[in-house]
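This report refers to the structure that appears directly beneath it.
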């Protein structure tokens, strides 16, 4: 996730907890219901299908709270060109949209939602935008998002109160579910997870016939454009370490 004043995300470092992966302004999920469906509230047995269900509802809410670029806009047309023939990631159906905002950010969610901010597209060429999206998708495909969501549910006081009472997912209030989603969006991944997502991007770019060095250049662009203001950089491993690991990954291709 990479935003100009980068807020962590519900899925990735910028919005990363379990539902989303990346860096975007999610807004507060406290006004509408997010339901997992029937099932005993046990984070230890939280299924991926349940995480996907919440992700879908969270994505719908985010789309309503952000200004989505119409299909006729230059941003939507550009994103469509970048992602042409990239509608599936190892069995995960992807759907893309652009949020019209000067935030330098992007994120992916467990249900295949991928959102890119126009601010990111303004400072990066197409290959780097794709590299960033592949990084965020990597958090989802590598189960980082799922693990973050599960951890949140294991440690959230409101959630534990319902679990202790033997409740079900359906008994969580809209506010509680919203808080879980928002916390997921704003979670941060471990440095190991970030390096794995970088490697995923490099390998994906290579597999797609794209330049794997685009991942390296995307980090350099962020450092140049926003420097320490970017939580995508500040909350991740050091730039030097990331660039070094990316170089090593490329050599292994």
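Numbering (our numbering), first residue to last: -19 to 233.
Note that the Cβ used here is the ideal one computed from N, Cα and C, for glycine as well.
Check: Where do the N-terminal and C-terminal ends of the alpha helix (DSSP H) with residue 206 fall, by residue?
Finding: According to the DSSP assignment, residue 206 belongs to no alpha helix (DSSP H), since it is labelled neither H nor E.
Notebook entry, point to check: In terms of residue numbering, what span does the beta strand (DSSP E) encompassing residue 89 cover?
Noted result: Note, residue 89: beta strand (DSSP E), 86 to 89.
Margin query: Taking the alpha carbon of residue 94 as the reference point, which residue from 71, 120, 231 and 108 has its own alpha carbon closest?
Written below: The shortest Cα separation from residue 94 among 71, 120, 231 and 108 belongs to 120.
Check: Is any heavy atom of the ligand NAP found at a distance shorter than 6 Å from the C-beta of residue 191?
Finding: The ligand NAP is absent from the structure shown, which contains no ligand whatsoever.
Note to self: Considering only their Cβ atoms, is the gap separating residue 53 from residue 112 smaller than 7 Å?
What the structure shows: No, the Cβ-Cβ distance between residue 112 and residue 53 is not below 7 Å.
Notebook entry, point to check: Apart from the five residues just before and just after residue 192, which ones in its own chain have a Cβ nearer than 7 Å to its Cβ?
Noted result: Result list for residue 192: 182, 185, 186, 230 and 233, in chain order.
Next item on the list: Would you give the residue range spanned by the beta strand (DSSP E) that residue 75 belongs to?
Entry: For residue 75, the enclosing beta strand (DSSP E) covers residues 75 to 79.
Notebook entry, point to check: How about residue 67 and residue 48: are their beta carbons less than 7 Å apart?
Noted result: With respect to the 7 Å criterion, residue 67 and residue 48 are not classified as neighbours on the basis of their beta carbons.
Notebook entry, point to check: Between residue 222 and residue 178, what straight-line distance do the alpha-carbon atoms span, to the nearest angstrom?
Noted result: Approximately 8 Å, taken between the alpha carbons.
Checklist line | Alpha-carbon spacing of residue 107 relative to residue 118, whole angstroms | finding: Distance from the CA atom of residue 107 to the CA atom of residue 118, rounded to whole angstroms, is 16 Å.
Next item on the list: Let me know the secondary structure DSSP gives residue 46 once reduced to three states.
Entry: Note: residue 46 maps to coil in three-state DSSP.
Notebook entry, point to check: Whole-angstrom Cβ separation of residue 176 and residue 122, contact assumed at under 8 Å?
Noted result: The C-beta separation of residue 176 from residue 122 comes to about 6 Å, placing the pair in contact by the 8 Å criterion.
Notebook entry, point to check: Taking the continuous beta strand (DSSP E) assigned at residue 95, which residues delimit it?
Noted result: Unbroken beta strand (DSSP E) run through residue 95: 93 to 97.
Margin query: I need the boundaries of the alpha helix (DSSP H) containing residue 113, first residue and last residue.
Written below: Segment 106 to 121, the alpha helix (DSSP H) holding residue 113.
Item checked: Span of the alpha helix (DSSP H) around residue 185 -> Boundaries of the alpha helix (DSSP H) around residue 185: 171 to 187.
Note to self: In whole angstroms, give me the CA-to-CA distance for residue 170 and residue 92.
What the structure shows: Those two C-alpha atoms are separated by around 22 Å.
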